[in-house]
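Residue numbers (UniProt numbering): 1 to 246.
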Amino acid sequence: MQRYFTKEPVGENNTVTITGEDAHHMIQVMRMSPSDHVYIVSEKDTYIMSIVQGTSKEVLLEVVEKLKVTNEMPLQVSIVCGLPKGDKLELITQKGTELGMHSLFPFEAKRSIVKWDKAKNDKKIGRLQKIAKEAAEQSHRSFIPQIHNPVTMLELLEIAKQYDVKFVADEEDAKLTERQKFADQLKKVYDKQSILIVFGPEGGLDRQEVRQLLENDFKPIALGPRILRTETAPLYALAAISYEYE
1 MQRYFTKEPV
11 GENNTVTITG
21 EDAHHMIQVM
31 RMSPSDHVYI
41 VSEKDTYIMS
51 IVQGTSKEVL
61 LEVVEKLKVT
71 NEMPLQVSIV
81 CGLPKGDKLE
91 LITQKGTELG
101 MHSLFPFEAK
111 RSIVKWDKAK
121 NDKKIGRLQK
131 IAKEAAEQSH
141 RSFIPQIHNP
151 VTMLELLEIA
161 KQYDVKFVAD
171 EEDAKLTERQ
181 KFADQLKKVY
191 DKQSILIVFG
201 PEGGLDRQEV
211 RQLLENDFKP
221 IALGPRILRT
231 ETAPLYALAA
241 ISYEYE
């Protein structure tokens, strides 16, 4: 069944109305009609709903069943990614959402080749948020990851205070004979609720940036002995966390 998200709460009469692009998708793209069933996520609750009536602009649905299970990770994992080149941020957004990412912070790192065009900020973030929504629907999640505006190092250090555990993926640590194995680090945080992981752009993090993070309670992690691309490393980490906790 198709899955859709809505900000509208389920009404007292157990109905909800879907409008806009999702209504168009139901009626025009999927060719749905009354009595067809879909998944609707409202306020993080997931329902099986039946179409009562609809047009390409507005669809009225009625609750058939409220589901008790969730497909979300047992802890919140946020990714901080040094601004990469090309469409890599879109790839990280899409695949990170599929793998359970809770939120994404683009990071204006010293070695980021790409400079964020602030004049186009809303358009870029809107595009990434739409990618996250579509990926959340496809992977049957009950939460759409939030894509934040790019952050500076000072902003990142302030944001990090909200998290129980903070990691930085350091490629220099990966080169050591005695590495901080990610699997060992994960086994120490079972009683925690949130994790923040920082990844560098192409070329990695500047050594001063790494020192700043370590001085602010970040722990270094190595994702194996090989150096991963900037778009690969976050997905590797999310997969490892999923393996450990799920």
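For each residue, glycine too, the CB sits at the ideal point set by N, CA and C.
First through last residue of the alpha helix (DSSP H) which encompasses residue i
i                 : result
phenylalanine 182 : 182 to 186
glutamate 155     : 153 to 160
valine 165        : Counting along the chain, valine 165 falls outside any alpha helix (DSSP H), though it belongs to the beta strand (DSSP E) covering 165 to 169.
valine 210        : 207 to 214
Span of the beta strand (DSSP E), counted from its first residue to its last, around residue i
i            : result
tyrosine 190 : Premise fails: tyrosine 190 is in no beta strand (DSSP E) and is neither H nor E.
aspartate 45 : 45 to 54
histidine 24 : Here histidine 24 belongs to no beta strand (DSSP E); instead the alpha helix (DSSP H) covers 20 to 24.
arginine 3   : 3 to 6
valine 114   : No beta strand (DSSP E) contains valine 114, which DSSP labels as neither H nor E.
proline 34   : Looking at the DSSP string, proline 34 is not in any beta strand (DSSP E), and its letter there is neither H nor E.
serine 103   : 103 to 107
Contacting residues, own chain, Cβ-Cβ under 8 Å from residue i (five flanking each side not counted)
i             : result
methionine 49 : Val16, His37, Val38, Tyr39, Ile40, Leu61, Glu62, Val63 and Val64
Neighbourhood of residue i by C-beta, 6 Å cutoff - its chain only, sequence neighbours within 5 removed
i           : result
serine 194  : Gln76, Tyr163 and Asp164
leucine 67  : Thr46
alanine 135 : Gln94, Thr97 and Glu98
serine 19   : It should be pointed out that residue 19 corresponds to threonine in this sequence rather than to serine. These residues qualify, in order along the chain: Glu58.
leucine 186 : Glu244
Spatial neighbours of residue i in its chain, beta-carbon cut-off 7 Å, leaving aside the 5 residues before and after
i              : result
asparagine 216 : Leu157 and Ala160
glutamate 231  : Pro84, Lys88, Leu91 and Ile92
leucine 228    : Tyr236
heavy atom of the ligand ADP below 7 Å from residue i C-beta
i              : result
isoleucine 159 : What this structure holds is no ligand at all, so the ligand ADP is not there to describe.
Three-state secondary structure (DSSP) of residue i
i             : result
serine 242    : helix
glutamate 62  : strand
isoleucine 92 : helix
valine 29     : helix
threonine 232 : coil
leucine 128   : helix
threonine 17  : strand
In DSSP terms, what residue i is bridged to
i                 : result
phenylalanine 199 : Cys81
glutamine 76      : Ser194
valine 10         : Partner(s): none; valine 10 has no beta bridge.
lysine 219        : Phe167
Assigned exposure category for residue i - 16 Cβ within 10 Å defines buried
i             : result
glutamate 209 : buried
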